[in-house]
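Residues in the sequence shown are numbered from 39 upward in steps of one, following our numbering.
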Amino acid sequence: MPAIIDKAFFDELASIARYETLSFFRHQLVVDNKNEHGFDPVTQADVRTEQALRKYIAEKFPDHGIYGEEGGTEGIEQDFIWVIDPIDGTRNFISGIPLWGTLVGLLHKGRAVAGMMAQPFTRELFFATPEGSFFQHADDVPQKLKVRKTLSLAEATLFSTAPSLFDEKTGRGFSRLEQTVRFTRFGTDCYAFAMLAAGLIDLVIETRLKPYDVVALVPVIEKAGGVITQWNGGPAEQGGDIIAAATRQLYENAVQKLHRGQINQF
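Now the structure itself:
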């Protein structure tokens, strides 16, 4: 991976995200709906932030591809592809709640190798480089992230976006798992994955994610010692139904609950 993918590069991306998003956050916004059968909001903040990030990345890495939630794909045949979600948690963003973030991840031949989750309002940056997974607040010294060593479901904290997102089959699996954990919280989107990497929670269960919802978070979790895949064990980079866990044992225990022990038949 190019040596230039380092903290300084993510600092610049986070600065761009802060400049573009905060002029809209907690202001009246025009909100468009991308889903005619539900509510999938997009705002001018989403569009402008992605445009600015794409421009900077394209200038730095003209031979890399880019895949963004709002702007689609460019150079998708390249070995290196940047994956962008300008505002993950748009519902929280338009509600004035600072549980959202800007996600930028780097794929190399389909594998997530670096990424960041920046929260511009709180000036938090969670990022992963080849050197590890880190957290930085404002201008403080970065601290290395490490998951906690929870092994038992009975001691685990579980986060998800919303129970209404699960369909009949995945909902049954989620319900079985939820009944076994210490407690569950909803509505934190990308923040949940960051808190898992920081050693503050233990499980994240999601459904129907797009690659741009998760690619940036894969290396942040893995380089902090955690596990993240699809429910069926496939690569999280492809999106879909996602499980992230602090430890391998906790992951395996959770998967058994999600599938009733029938992982290959789900």
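Backbone N, C-alpha and C fix where the C-beta goes; we use that ideal spot for every residue, glycine too. In this text the structure is predicted, and so the values were computed from the model without any measurement.
Sub-7 Å separation of LEU255 and PHE224 beta-carbons: No, the Cβ-Cβ distance between LEU255 and PHE224 is not below 7 Å.
Could you check what DSSP says for GLN300 in three-state terms: helix, strand or coil? For GLN300, the pLDDT reaches just 47, beneath the cut-off of 50, and the residue's location in the model is therefore unreliable, although a value from the coordinates is still provided. In the structure shown, GLN300 falls within a coil segment according to DSSP collapsed to helix, strand and coil.
Ends of the beta strand (DSSP E) at VAL151? For VAL151, the enclosing beta strand (DSSP E) has its first and last residue at 149-157.
Look at the alpha carbon of THR222 and the alpha carbon of THR195, and state the distance between them as a whole number of angstroms. If you draw a straight line from the Cα of THR222 to the Cα of THR195, it comes to about 6 Å.
LEU247, enclosing beta strand (DSSP E) - first and last residue: It spans 241-247 - the beta strand (DSSP E) in which LEU247 sits, taken as one unbroken run.
Note down the Cα distance separating LEU234 from PHE164, rounded to an integer number of angstroms. Taking the CA atoms as reference points, LEU234 sits about 11 Å from PHE164.
Helix, strand or coil, according to DSSP, for LYS261 in the structure here? Coil at LYS261, not helix or strand.
Opposing strand residues paired with GLY237 [DSSP bridges]: Its beta-bridge partners do not exist; DSSP assigns none.
TYR229: which of ILE135, ASN291, GLY113 sits nearest, CA to CA? Residue ILE135 is the option with its Cα nearest to TYR229.
Sheet register partners of TYR250 (DSSP bridge): Partner(s): none; TYR250 has no beta bridge.
Exposure label - THR140; buried when at least 16 CB within 10 Å: In this structure THR140 is buried. Its beta-carbon is surrounded by 16 or more other beta-carbon atoms within 10 angstroms.
Using 8 Å as the threshold, is the region 242-252 in touch with the region 276-294, meaning 3 or more CB pairs across them? Segments in contact, yes.
Should the region 95-106 be regarded as contacting the region 149-158, the criterion being three or more beta carbon pairs within less than 8 Å? In short, these stretches do not touch, since the Cβ pair count stays below three.
Where the alpha helix (DSSP H) containing ILE95 begins and where it ends: Looking at the DSSP string, the run of the alpha helix (DSSP H) that includes ILE95 is 82-98.
At 3 residues or longer, what runs of the beta strand (DSSP E) sit wholly inside the region 182-242? With a minimum length of 3 residues, the continuous beta strand (DSSP E) runs that stay inside the region 182-242 are 195-198, 221-224.
At least three beta-carbon pairs within less than 8 Å, the region 167-181 to the region 100-109: Not touching, per the Cβ criterion.
Can you give the Cα-Cα distance for THR87 and GLY109, rounded to whole angstroms? The straight-line gap from Cα to Cα measures roughly 11 Å.
Tell me the residue span of the beta strand (DSSP E) that contains ILE119. DSSP places ILE119 in the uninterrupted beta strand (DSSP E) bounded by 118-126.
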